[in-house]
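J.: The sequence shown begins at 121 in the numbering used here and counts up by one. Every residue, glycine too, gets a C-beta built ideally from N, C-alpha and C. Got a structure for you, questions after.
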Amino acid sequence: MPTWPGNHAGSHLDIRLTAPDGYQAARSYSVASSGPTTRVMLAVEELPGGEVSPYLVHQLVEGDQLEVHGPLGQYFVWIPTKTDRSPVQLIAGGSGVVPLFAMAAARERETDHADFRLLYSVRTPEDVFFVDELAELTRTTVEIVHTRQSPPEASRPPGRLTHESLGDYVFPASATPRIFLCGPTPFVETIAGWLPELGHDPTRIRTERFGGSG
121 MPTWPGNHAG
131 SHLDIRLTAP
141 DGYQAARSYS
151 VASSGPTTRV
161 MLAVEELPGG
171 EVSPYLVHQL
181 VEGDQLEVHG
191 PLGQYFVWIP
201 TKTDRSPVQL
211 IAGGSGVVPL
221 FAMAAARERE
231 TDHADFRLLY
241 SVRTPEDVFF
251 VDELAELTRT
261 TVEIVHTRQS
271 PPEASRPPGR
281 LTHESLGDYV
291 FPASATPRIF
301 LCGPTPFVET
311 IAGWLPELGH
321 DPTRIRTERF
331 GGSG
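Shown next as structure tokens:
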């Protein structure tokens with residue numbers, strides 16, 4: 121997008137479609153890219169019966185025009201600073217990994233900054249977003265928890281995160297990490313409730329959740 125001003129990691133945008141009869145539908149999507157670039161990367165999960173995602177997945181072709189509003193969001197973004205070198209914990213559920221991937225990818229461009237960890241809860245190996253890109257991260261420790269089916273080489277059987285197991289995957293509270301948590305509303309509310317019980321400072325936790333309107 122030639123007029124895109126660039127964006128911080130974790131930002132989102134709105135896409136609005138207009139049908140020939142004038143009907144409009146708009147949805148918000150996290151931006152998987154960041155920095156001073158006019159190339160914007162999105163990861164769109166198709167929701168059956170949705171008004172926008174099926175069009176973007178199946179009908180959008182090169183040359184089509186979309187109405188885009190953004191970048192949006194100042195609360196759920198990671199901006200490198202020289203004053204706060206505390207570790208950064210990313211926790212994703214499903215497609216909630218998109219803005220967190222943008223943060224981890226942005227961390228790759230920083231030569232001297234905080235330690236990063238990504239905890240990614242996903243149903244099966246086939247549901248993992250950014251498989252190749254996650255494997256190439258060198259400055260973020262990635263832990264993928266499969267809830268329904270694990271890959272053959274996995275040492276952990278499939279299963280959801282629990283209050284007890286969460287502490288095994290995240291920085292300890294004593295490290296005072298900054299935490300970014302994104303995913304479906306039930307997932308986010310559950311994890312956001314467990315973290316303070318593990319000693320984490322609620323003021324260091326930022327959350328972003330989504331529903332299923334599509």
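According to DSSP, simplified to helix, strand and coil, what is S275?
T.: Counting from one through the sequence shown, the residue named residue 275 turns up at place 155. Correct three-state label for S275: coil.
J.: Would you be able to state if there are at least three C-beta pairs under 8 Å between the region 321-334 and the region 225-242?
T.: no
J.: I think P219 touches E328, with their Cβ atoms under 8 Å apart; what is that distance to the nearest whole Å?
T.: Position 99 of the sequence shown, counted from the start, is the residue given in the question as residue 219. Position 208 of the sequence shown, counted from the start, is the residue given in the question as residue 328. Yes, they are in contact, since the Cβ atoms of P219 and E328 sit about 7 Å apart, within 8 Å.
J.: Would you mind stating whether S154 and R298 have Cβ atoms separated by less than 9 Å?
T.: Counted from its first residue, the sequence shown places residue 154 at position 34. Counted from its first residue, the sequence shown places residue 298 at position 178. Their beta carbons are not under 9 Å apart, which means S154 does not touch R298 by this criterion.
J.: For the beta strand (DSSP E) holding F221, just list the boundary residues, first then last.
T.: Locating residue 221 in the sequence shown gives position 101, where the first residue counts as 1. Where F221 is concerned, there is no enclosing beta strand (DSSP E), although the alpha helix (DSSP H) it sits in stretches over V217 to E228.
J.: Starting from A255 and walking both ways along the beta strand (DSSP E), at which residues does that stretch end?
T.: On the sequence shown, residue 255 is found 135 positions in, with the first residue counted as 1. Premise fails: A255 lies in the alpha helix (DSSP H), V251 to A255, not in any beta strand (DSSP E).
J.: Three-state secondary structure (DSSP) at F307?
T.: Mapped onto the sequence shown, residue 307 falls at position 187. In this structure, F307 counts as helix in the three-state DSSP scheme.
J.: Could you please give the first and the last residue of the uninterrupted alpha helix (DSSP H) stretch that includes H283?
T.: Indexing the sequence shown from 1 puts residue 283 at position 163. H283 -> alpha helix (DSSP H) spans H283 to Y289.
J.: Taking all protein chains shown into account, do 16 or more other C-beta atoms lie within 10 angstroms of the C-beta of V99, making it buried, or fewer, making it exposed?
T.: Nothing in the structure corresponds to residue 99, since the chain is present only between 121 and 334.
J.: Per DSSP, Q209 forms a beta bridge with which residues?
T.: As a first step, residue 209 is located in the sequence shown; it is residue number 89 there, counting from the start. Within the DSSP bridge table, the entry for Q209 names R237 and I299 as partners.
J.: Looking only at DSSP bridge pairs, what is T327 linked to?
T.: On the sequence shown, position 207 is the one that residue 327 refers to. L301.
J.: Going by DSSP, what residues sit across from A152 in a beta bridge?
T.: If you number the sequence shown from 1, residue 152 lands on position 32. A152 is not bridged to any residue.
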